[in-house]
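Take a look at the structure set out below.
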Amino acid sequence: MSLQFLADGLLAGLLIGLGAIGVTLTYAMLRFANFAHGEMMSFGAYVAWSASFLLSALAGTAWPAMGPFSITAAVLLGGLAAMILTAGLALLLDRLLFRHLAGRGEAITLVIASFGASMALRSLIEFAFSSSPLYFSSDLQIAVRLGMGIRVTPDQLALIGLTLCLLLAIHLLVTRTQAGRAMRAVAENPTLAAVVGLDVRRVVGLTWVMGGALAAAAGTMAGILVQIRPNMGFDFLLPLFSAAILGGIGSIPGAILGGIVIGLAEAACVQFVGAEWRAAVAFLILVLLLLLRPRGFFGEAA
Amino acid sequence: MNGKPVLRVDRLVAGYEPGLPIVNGASLTLRAGEIVAILGPNGAGKSTLIKAIAGLVATPSGQIWLNGTDLRPLPAHKRTALGLGFVPQTENVFTRLSILDNLKLAAGILPAAGRAAAIDDVLSLFPDLAARPALLAGRLSGGQRQMLAVARALVVKPRILMLDEPSAGLSPRLVLEVFAQLGRIRAQGITILLVEQNVKAALALADRGIVLVGGRERHEGRSADLLGDPGLGALFLGGDAVRETGS
Ligand SMILES: Nc1ncnc2c1ncn2[C@@H]1O[C@H](COP(=O)(O)OP(=O)(O)OP(=O)(O)O)[C@@H](O)[C@H]1O
Ligand SMILES: [Mg+2]
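Heads up: the protein sequence lines correspond to chains A and B, in order.
Residue 15 in UniProt numbering sits at position 15 of the first sequence; the count goes up by one each step and never skips.
Residue 152 in UniProt numbering sits at position 152 of the second sequence; the count goes up by one each step and never skips.
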């Protein structure tokens, strides 16, 4: 039996986990599920593609690939630009939409608002870029055999490495800095956070920045791995929510682990059951979770 | 106690929904260095009053002055920065943060250079907490959590410390310990406003008591006088009876 699904699932799961960090934190702080989070991933991917395209145009020639990877320095710079601009987009959504609605009405108002933002963003992207897919590179990647039937492309390895670096950075930020402690505190108990002297709005803004940047990174990497489509983020939505709930709302390590579980389950499904069932996996896990253990693995008792 | 007034609440109205005042015209004055206990039957609005002072409940009218600053327009975190410490009754520590991170978080409003020393100072008051700073606050017992909540409020050296039923749910021995700790805190010059159901223990510690009924003060007096007041005894018996049939 080939263990290929382990490699595919791990990378997909890490990307889901990166996206789910923003979902789980904003859910914990503002008590609503942000349907526009998927579009932040797509937005990031399109920004990264545009920026790398522009950089190549400026250079007058395609940037050289780095070693065996299809990823060029232009793509990396594009990814960086995507993280910055998507952080800005998230902050903008917070300022224009979520901040005003939060605490005023019911959570459903926020959910519907984010659903609207999701559709608007998707349409805008489709309008600007059309619905045909884009690719960062047309190079063919030659897979390396790792044994036990596992084959990975150099790009897959590079992305796993990049993701692990990002996760390390997040870990240090969240555990070693005052900003990180503040985010964890607001995610757990916003009222107490204010009592302790935190400006909760600022911390929420910071969380949108981090969540947006990570969504852009995940979207860009998903684009490198497969392709860029206006619907790519929306297709991630169910896995993102499942991962966030699986890991326990408000828990960053939980979101990562939840993402890995969903990614592995999806990849196993594709390998052993059939690719057409893939989309059902996250849904099935979500429904089972909500029925059996709504707190997730890492959730605190209410 | 003849200290200067540090906190003055004047005809305060506070509540959770517009048009439904829970605190209804309450007034009180805290003088520097004193301990004042707010007493009263269940549902009297004691918690609502202290949360309103902390900035967690809307206050459509009335005034709250802290050393000459009008607190009413300020959000909760700015009141904390002005020296108003608050220990809520429940959910008063961050369970997913370690003991040390709870304290570091609170110390964040101090100038960076003074934070470590402030944390060391407060840990020296609580040897139980100092013994294992890396422990998650969620793993602490009820009494230790209460200690951490108090330590967290003290780390920024507030002028006033407000506590909502710090003895609730603790064993008699721990209640004594908490009240002894409050005595030591006052000795450091911190003024204390205390909400308590535990009338005897509270009045044994406090200089004065204020009895809140229906969202405004009904009685006010020195602790010794309140303890000897037979009318008050009847009120509390009433309150206790309500509590017992109600639960
Ligand atoms: N978050 C809330 N939303 C709406 N109403 C509330 C809320 N908290 C308290 N109340 C109502 O306000 C009234 C006063 O409650 P409060 O907690 O201030 O009383 P208390 O004097 O502290 O009572 P206890 O001795 O039981 O703690 C009660 O009728 C209560 O139902
Ligand atoms: Mg109360």
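Where is the CB? At the ideal position from N, CA and C, for every residue including glycine.
Measure the Cβ-Cβ separation of residue i and residue j and say whether it is below 9 Å.
i, j, result
"residue 194/A", "residue 55/B", "yes"
"residue 25/A", "residue 220/A", "no"
"residue 39/B", "residue 215/B", "no"
"residue 147/B", "residue 126/B", "yes"
"residue 101/A", "residue 110/A", "yes"
"residue 133/A", "residue 141/A", "no"
"residue 210/A", "residue 183/A", "yes"
"residue 70/A", "residue 137/A", "yes"
"residue 13/B", "residue 25/B", "yes"
"residue 160/B", "residue 83/B", "yes"
"residue 123/B", "residue 133/B", "yes"
"residue 213/B", "residue 41/B", "yes"
"residue 82/A", "residue 216/A", "yes"
"residue 45/A", "residue 59/A", "no"
The alpha helix (DSSP H) with residue i in it runs from where to where?
i, result
"residue 152/B", "142-154"
"residue 130/B", "127-130"
"residue 37/B", "No alpha helix (DSSP H) holds residue 37/B; the beta strand (DSSP E) holding it covers 35-39."
"residue 26/A", "4-30"
"residue 382/A", "Any answer about residue 382/A is impossible in this case: the structure gives chain A only from 1 up to 302."
"residue 227/A", "Note, residue 227/A: premise wrong, no alpha helix (DSSP H); not H, not E."
"residue 114/A", "107-129"
"residue 50/A", "37-59"
"residue 157/B", "Run containing residue 157/B: none; DSSP gives neither H nor E here."
"residue 253/A", "252-272"
"residue 50/B", "46-54"
"residue 249/B", "Residue 249/B lies beyond the range of chain B shown here (1 to 247); nothing can be said about it."
"residue 177/B", "172-187"
What does residue i pair with, by DSSP beta-bridge criteria?
i, result
"residue 151/A", "145/A"
"residue 220/B", "210/B"
"residue 72/A", "65/A"
"residue 194/B", "37/B, 163/B"
"residue 69/B", "66/B"
"residue 98/B", "136/B"
"residue 134/A", "228/A"
"residue 20/B", "17/B"
Considering residue i, what are the terminal residues of the beta strand (DSSP E) in which it resides?
i, result
"residue 162/B", "160-164"
"residue 58/B", "58-66"
"residue 8/B", "5-15"
"residue 29/B", "23-31"
"residue 85/B", "84-87"
Between residue i and residue j, what straight-line distance do the alpha-carbon atoms span, to the nearest angstrom?
i, j, result
"residue 66/A", "residue 135/A", "17 Å"
"residue 63/A", "residue 282/A", "38 Å"
"residue 204/A", "residue 173/A", "15 Å"
"residue 187/A", "residue 29/A", "5 Å"
"residue 252/A", "residue 163/B", "32 Å"
"residue 85/A", "residue 16/A", "20 Å"
"residue 113/A", "residue 43/A", "18 Å"
"residue 217/B", "residue 23/A", "46 Å"
"residue 62/B", "residue 44/B", "18 Å"
"residue 201/B", "residue 143/B", "16 Å"
"residue 286/A", "residue 75/B", "38 Å"
"residue 168/B", "residue 125/A", "56 Å"
"residue 226/A", "residue 7/A", "15 Å"
"residue 33/B", "residue 194/B", "13 Å"
"residue 199/A", "residue 80/A", "28 Å"
"residue 128/B", "residue 68/B", "38 Å"
"residue 276/A", "residue 263/A", "15 Å"
"residue 37/A", "residue 106/A", "20 Å"
"residue 238/B", "residue 231/B", "Summary for residue 238/B: the model assigns pLDDT 48, below 50, so the residue's position carries little reliability, and this model does not support an answer."
"residue 8/B", "residue 98/A", "36 Å"
"residue 271/A", "residue 5/A", "6 Å"
"residue 294/A", "residue 29/B", "47 Å"
"residue 78/B", "residue 168/A", "34 Å"
"residue 196/A", "residue 188/B", "21 Å"
"residue 240/A", "residue 259/A", "7 Å"
"residue 35/A", "residue 135/B", "36 Å"
"residue 91/A", "residue 181/B", "44 Å"
Kindly list, in the order they appear in chain D, the residues whose Cβ is closer than 8 Å to that of residue i.
i, result
"residue 54/B", "Absent from the structure: chain D. Protein chains present are A and B."
Compare the Cα-Cα distances from residue i to each of the options and report the closest residue.
i, options, result
"residue 66/B", "223/B, 13/B, 81/B", "81/B"
"residue 192/A", "49/B, 89/B, 43/B, 44/B", "89/B"
"residue 335/A", "265/A, 48/A, 5/A", "Only positions 1 to 302 of chain A appear in the structure, and residue 335/A is not among them; the question remains open."
"residue 218/A", "69/A, 236/A, 201/A", "236/A"
"residue 224/B", "213/B, 231/B, 206/B", "206/B"
"residue 141/B", "231/B, 227/B, 78/B, 93/B", "93/B"
"residue 17/B", "10/B, 30/B, 59/B", "59/B"
"residue 164/A", "256/A, 33/A, 1/A, 9/A", "256/A"
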